[in-house]
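This report concerns only the one structure given below.
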Amino acid sequence: MIRLERRPQPSRLWTGLTPLLAVLLTMVVGGMMFALLGKPPLEAIRIIFWDPLFHPQFAAYSRPQLLVKASPLILIAIGLSLGFRAGIWNIGAEGQYIMGAICGAGMGLAFYPTTSPLIFPAMVLAGALGGWAWAMIPAVLKVRFGTNEILVSLMLVYVAEALLASVSQKLLRNPEGMGFPGSRNFQQYPAAANTEIIVGTGMHWGVVAAFVAVIFTHVLMTRHIQGFNIRLTGEAPRAARFSGVSPARIIILCLGFGGALAGAAGLFEVSGPAGQITIDFNSGYGFTAIIVAFLGRLHPVGILLAGLLMALTYIGGELAQLMLGLPGASIQLFQGMLLFFLLATDVFTNFRIRVGTTKVA
Amino acid sequence: MADTLLSLRGLTKAYPGVVANDDVSFDIRAGEIHALLGENGAGKSTLVKMIYGLVKPDRGEMSLLGAPYAPSEPKAARALGVSMVFQHFSLFNALSVAENVALGMEKPPRVGDLARQIREVSEMYGLPLDPFRIVGTLSAGERQRVEIIRCLLQDRRLLIMDEPTSVLTPQEVEILFATLRKLSAEGTAILYISHKLEEIRALCDHATILRLGKKVATCTPAESTARQLGELMVGTSFAAPASRAQATGAVLLEVTALSLPAPDAFGTPLREIAFQVKAGEVLGLGGVAGNGQDELLAALSGERLAPAGSVTLKGRDVSRTGPMARRDAGLLSAPEERLGHAAAPAMSLVENGVLTAARREGLVSGGFVSWAKARSFAERVIREFDVRTPSPDTAAGALSGGNLQKFVIGREILQRPDVLVVNQPTWGVDAAAAAAIRQALLDLAAKGAAIIVISQDLDELMEISDRFGALNEGRLSRIRPVSGLDMEQIGLMMGGAHGMEVAQVA
Amino acid sequence: MDLSSINPALLIASIMISATPILLAALGEMVVEKAGVLNLGVEGMMITGAVVGFATAVSTGSPTLGFMAAALASAVLSLSFGLLTQVMLSNQVATGLGLTLVGLGLSSLIGKPYEGMKSPTLPKLDIPLLGDIPVLGRMLFSHDAMVYISLLLVLAVWAFLKYTRAGLILRAVGESHDAAHALGYKVVRIRLMAIFFGGACAGLGGAYLSLVRVPQWTEGMTSGAGWIALAIVVFASWRAGRVLIGAYLFGGVTVLQLNLQAAGARVPVEILSMSPYLITILVLVIISARGVHGAPASLGRPFHASS
């Protein structure tokens, strides 16, 4: 008989080991899935995880893509991780991402075609504010009325998507776009473009922001009393209140921080890699970032690594689509499985597995 | 013996790192009231869980009326007439009395019939109950009646009662004892778990004493003194806290007309609470669980804000300030629930030190935590209060109840409070640790702090308080000096018999 | 705007159709939550049901088989959530989200070949006599079988929870798993059964979308219906009858906004299309401002029998 026995405290070893185990399990099960789809499993795994970095032909193109894809994931996941640590479930980052993009792009387009070095920073600010404001809706509703933030933040994703459809057809539509939906392309408006800082690396301002966010959050969570309060609220909400932590402040802080980072991520994306506001410029980063946050164990450095890994699966997935005709959706499933296996293997972190009956000590 | 009902032979059960029961054997005769006596952690709960089918013994066997008895689950035990009244965790707040009773029965009758039976039986045994009340709205004593009635409605040979009097006033205890004696006269055996010696001497025919998982003795309690029983139970004897000179000073905390609505559906509102505590004084607040103890602590600690002017600390109104400001002003507290309220289970002792001592001990400056200072504070608590832990980095949840309690109380005492409020400071703590905690509280008072001890353990309150008051449905009785109080008076202060009546012995 | 193009009889009839998927999913989730489990994966289970139901109906030609396959597939998928949360004690919120992400991925993978296809749909039951009543007959008595099955299911769940011993035990487990365990009830087993039922209901709801309501398969076609079902459970204070009211109210909003769009109302389209979500938020706020009542006390808390 197999029994679970709660560890007195979570195992540090397993905390680090479970993400690796989850990746491994996902590869195995994913491989079986690829085999079922009639694709060579080992080759598919190699194309997804190895070729984007080391393939003689493609690596030159795909390596910079790694940072491009990872930076929004990391930015959003860092923001989410604060809330998740505190037991506040913002799952509407996708909406905050969209609103950040709309607000930031709107700010930039308002200045078109003037040039000033202040335009781009103003856009970043507007993007972060847009995401922050969107996240404040569930935050304020939760503080004021106790409304469930999970459902509200998620409903707001659909509202943001409707708004995105509207602005890309009306308010922000490119007047020279011959009636096609979508805004002006920021690549043709240098003052407002999020350009590569070092050519050929994929390093744009969003990547810089992601690294700053990682370091900032790491310091906040390990050294600052607010980070301590956030962890305390998540671990034991009653103890946090007893300590004197205001739950309302933590809610506002965590949702606001997450919203601002997601909003900034949206702006960096729309003014850089995506180039313009379109009906479907958002590609589900807000949801994938949830996986990144968990895979990174809600730890800033872990999130950095998890974000890079997840970016790899995106790029590798596209490559596999190209080379093997692997359906795009299988990567989405692949990522979902990763989260599932992580949650499953987490049992080792909190419990010991005992086989058979206990011996008399 | 011909009339042996349940016989236990060599029962052994081990958990990782601890042998809960080691080769325990004794007999329970039909119709007797048999006490199971032992400290916290002596293995009483594990033993009765084996009898009730919740836990399987590793070794040993049981027989019921001569036939082998090995219940695989509580259902099987109930089918053979063995039922149990729990101390915790066995009622459903949102369900009605009748539904709760039905859940504890194998083949409950139809709702109407069940309600009638509940009324009949509850009146016959002097435990009146409305079958359609929602359990969450009942008092602690009434909740216990639900459990007892649940057992009484079934075929019953053996009734296991786990610390039943901890939720009753002295008057209610008397009534419960009358009910139990009546049941015993009718042939039902009762296995009565307790660590209260006087109670056992008054009620039980035989007593089996457990210490560290082993049976130490089976004796006839009426023929032993409480002191003998106590030494058997603990192993050594503990000195009662040193008596001290009565030297009280200025009023440090004054509570006037403190009223607060109930925090939730099953909470208790505070009604016009008023008292004063002076420097050097220990005020004991008794009362049956669920009569406003948690709510009062929350109102004093600052977790819930009180109406302006109701809480005055050293002449300053602190009613509208939160826990941090009150701590800054010298009012510290330790709630009853250690895990999740007084301490965060998954966090280390170092972190749990920061939980309340961040500002008073200067562990934080400019918003940044000094982990070195936090660690040395935690180490100081561990050293001075003899907290047994592998290291200050151990998670609070990994400590035993007694050790964590010493840490929690020590954490507050070392911050040199002017006023300290503690709720159930020794609940679930072994005798040695309990004695140490009480002594620490008395020492603090001797240094000039005002201390409020909220507790359901009347013996404890009588031992350490100067004055005593009781909480009853959110009201506080008149405060009276402890010297000269007798059990009868205390019982009345706690609300008397709460509508119970003595069983009509047929 | 031409409001006269909106036919009230047709409106009511289409409200019933539009409400049925959410009703089914919300009802299932209510039972799960009554047992003390919060499964946020409704969206993922619904969309899996939608694609499996559609694919089965297309390949077998039988919508009935489609519904059965959908219920089974989603129930099996929900058991993965059950295994993780009940046996391996993972966090319910995270696992529910994971279930949704897996479901979305899985469905778009399975559904790719079926995009743009047509499937056989459920026949309308023209109930004799009742169906012939003018106006009312068309409004209420000429739907497909699933509409009536979903209504019967509301009744069955209500009676199950209120009158049966199994229902009482289920509620008890959701109220306090420790107490239920102490009395010897198998908490994990009971919860797994509830989760299975919830999964099956979500699957039926999803299949109703792809086989009757739309009827077609498109990627991400549930577009939040599963989340709205979760909101309806809160709105309904965990009562079967109110789940029905909630689902029909929501169905009403959806149909009305579609009708208004079709009728060319002067309200901007985007406002209309976001209205169901905004109204859901509004309802959640009103409910929570009044104070959420009736939530099972053990909802979302992990259970581990320590002894």
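Going down the list, the protein sequences come from chains A, B and C.
Residue numbers for the first sequence, in our numbering: 4 to 364.
Residue numbers for the second sequence, in our numbering: -1 to 504.
Residue numbers for the third sequence, in our numbering: 72 to 378.
Beta carbons are placed, not taken as given, at the ideal position from N, Cα and C, and that holds for glycine.
Quantities reported herein were computed from a predicted structural model and do not represent experimental measurements.
So, is residue i buried or exposed, given that buried needs 16 or more other C-beta atoms within 10 angstroms?
| i | result |
| --- | --- |
| Gly182(A) | exposed |
| Ser317(B) | buried |
| Ser378(C) | Caution applies to Ser378(C), whose pLDDT of 45 falls short of 50 and renders its modelled position unreliable; the value that the coordinates give is listed next. Burial call: exposed. |
| Phe125(C) | buried |
| Val363(A) | For Val363(A), the predicted structure reports a pLDDT of 35, less than 50, and the residue's modelled location is therefore unreliable. A value from the coordinates is still provided. Counting Cβ neighbours within 10 Å, Val363(A) comes out exposed, since fewer than 16 surround it. |
| Asp349(A) | buried |
| Glu486(B) | exposed |
| Phe130(B) | exposed |
| Lys213(B) | buried |
| Ala297(B) | buried |
| Arg482(B) | Reading the sequence as shown, one finds Gly at residue 482(B) and not Arg. Result: exposed. |
List the residues of chain A whose Cβ lies closer than 8 Å to the Cβ of residue i, in chain order.
| i | result |
| --- | --- |
| Glu341(C) | Ala165, Leu166, Ala168, Ser169 |
| Gly511(B) | Because chain B spans -1 through 504 in this model, residue 511(B) falls outside it and cannot be assessed. |
| His214(C) | Those do not exist, as His214(C) stays about 28 Å from chain A at its closest Cβ, beyond 8 Å. |
What in chain C is Cβ-close to residue i, meaning under 8 Å?
| i | result |
| --- | --- |
| Ser333(A) | Gly176, Leu180 |
| Tyr317(A) | The contacting residues do not exist; Tyr317(A) stays about 13 Å from chain C at best. |
| Val26(A) | Chain C residues near Val26(A): none, gap ~15 Å exceeds 8 Å. |
Following the continuous beta strand (DSSP E) through residue i, name the residue where it begins and the one where it ends.
| i | result |
| --- | --- |
| Gly254(B) | Inspection of the sequence shows that residue 254(B) is occupied by Thr rather than by Gly. Start and end: 249 to 258. |
| Cys217(B) | 212 to 217 |
| Tyr67(B) | 65 to 67 |
| Asp160(B) | 156 to 160 |
| His204(B) | 204 to 209 |
| Ile303(C) | Premise fails: Ile303(C) lies in the alpha helix (DSSP H), 296 to 306, not in any beta strand (DSSP E). |
Find the residues of chain C that neighbour residue i, judging by a C-beta separation of less than 7 Å, and give them in chain order.
| i | result |
| --- | --- |
| Lys73(B) | Gly255 |
| Phe130(B) | Going along chain C, no residue has its Cβ under 7 Å from Phe130(B), so there is no contact; the nearest lies around 14 Å. |
| Phe84(B) | Ala253 |
With respect to the alpha helix (DSSP H) encompassing residue i, which residues constitute its N-terminal and C-terminal limits?
| i | result |
| --- | --- |
| Phe375(B) | 369 to 382 |
| Ser120(B) | 109 to 122 |
| Met231(B) | 224 to 232 |
| Glu172(B) | 168 to 183 |
| Gln99(A) | 96 to 113 |
| Val354(C) | 340 to 361 |
| Tyr279(C) | 258 to 279 |
| His32(B) | No alpha helix (DSSP H) holds His32(B); the beta strand (DSSP E) holding it covers 31 to 35. |
Give the residues of chain B in contact with residue i, contact being defined as C-beta atoms less than 8 Å apart.
| i | result |
| --- | --- |
| Glu246(C) | Phe90, Asn91, Ala92, Leu93 |
| Glu152(A) | The contacting residues do not exist; Glu152(A) stays about 20 Å from chain B at best. |
Which bits of chain C does residue i rub up against, with CB to CB less than 9 Å?
| i | result |
| --- | --- |
| Pro330(A) | Ser179, Leu180, Lys183 |
Using a cut-off of 7 Å between C-beta atoms, extract the partners of residue i located in chain A.
| i | result |
| --- | --- |
| Ile352(C) | Val155, Met158 |
| His364(C) | The contacting residues do not exist; His364(C) stays about 12 Å from chain A at best. |
Please list the partners that residue i has in chain B, where partner means a Cβ-to-Cβ separation under 9 Å.
| i | result |
| --- | --- |
| Arg242(C) | Phe90, Ala92, Leu93, Glu97 |
| Ala334(C) | None at all; the shortest Cβ gap to chain B is about 46 Å. |
Cβ closer than 9 Å: which chain A residues qualify as neighbours of residue i?
| i | result |
| --- | --- |
| Pro305(B) | Chain A residues near Pro305(B): none, gap ~19 Å exceeds 9 Å. |
- Query: Between the stretch 429 to 441 of chain B and the stretch 254 to 261 of chain B, do three or more beta carbon pairs fall short of 8 Å?
  - Reply: no
- Could you say if the stretch 297 to 311 of chain A and the stretch 182 to 191 of chain C meet the contact criterion of at least three C-beta pairs nearer than 8 Å? Taking one beta carbon from each stretch, the stretch 297 to 311 of chain A and the stretch 182 to 191 of chain C have fewer than 3 pairs nearer than 8 Å; the two do not touch.
- Would the stretch 156 to 173 of chain A and the stretch 92 to 104 of chain A be scored as touching if the rule is three or more Cβ pairs under 8 Å? yes
- Counting pairs of beta carbons, one from the stretch 169 to 184 of chain C and one from the stretch 197 to 215 of chain C, are three or more of them closer than 8 Å? no
- Message: So if I threshold CB-CB distances at 8 Å, which residues from the stretch 90 to 116 of chain B count as touching chain C?
- Response: Phe90, Asn91, Ala92, Leu93, Glu97, Ala100, Leu101, Gly102, Pro106
- How do the stretch 27 to 34 of chain A and the stretch 234 to 242 of chain A stand: do at least 3 beta-carbon pairs fall below 8 Å, yes or no? no
- Item | Interface positions of the stretch 338 to 353 of chain A facing chain C (Cβ-Cβ less than 8 Å), listed along the chain | Gln338, Gly339, Met340, Leu342, Phe343, Leu346, Ala347, Asp349, Val350, Asn353
- Can you list, in chain order, the residues of the stretch 235 to 246 of chain A whose Cβ is nearer than 7 Å to any Cβ on chain B? Leu235, Glu238, Ala239, Arg241, Ala242, Arg244, Phe245, Ser246
- So, do the stretch 326 to 335 of chain B and the stretch 405 to 425 of chain B have three or more beta carbon pairs nearer to each other than 8 Å? Output reads yes: the stretch 405 to 425 of chain B touches the stretch 326 to 335 of chain B.
- Item | chain C contacts from the stretch 25 to 54 of chain B (Cβ-Cβ distance under 8 Å) | Thr44, Lys47, Gly51, Leu52, Val53
- Task: Decide if the stretch 289 to 306 of chain A is in contact with the stretch 117 to 135 of chain C; the criterion is three or more beta carbon pairs, one per stretch, under 8 Å apart.
- Result: no
- Message: To be precise: take each residue of the stretch 297 to 312 of chain A, compare its Cβ to all Cβ atoms of chain C, and keep it if any distance is under 9 Å. Which residues remain?
- Response: From the stretch 297 to 312 of chain A, only Phe297 have a Cβ closer than 9 Å to chain C.
- Message: Below 8 Å, how does it come out for the stretch 111 to 128 of chain C and the stretch 328 to 345 of chain C: are there three or more Cβ pairs, yes or no?
- Response: no
- Query: Would you call the stretch 222 to 236 of chain A and the stretch 60 to 76 of chain A touching, i.e. three or more CB-CB distances under 8 Å?
  - Reply: no
- Item | Three or more C-beta pairs below 8 Å linking the stretch 155 to 174 of chain B and the stretch 282 to 302 of chain B | Taking a contact to require three or more Cβ pairs closer than 8 Å, the stretch 155 to 174 of chain B and the stretch 282 to 302 of chain B qualify as touching.
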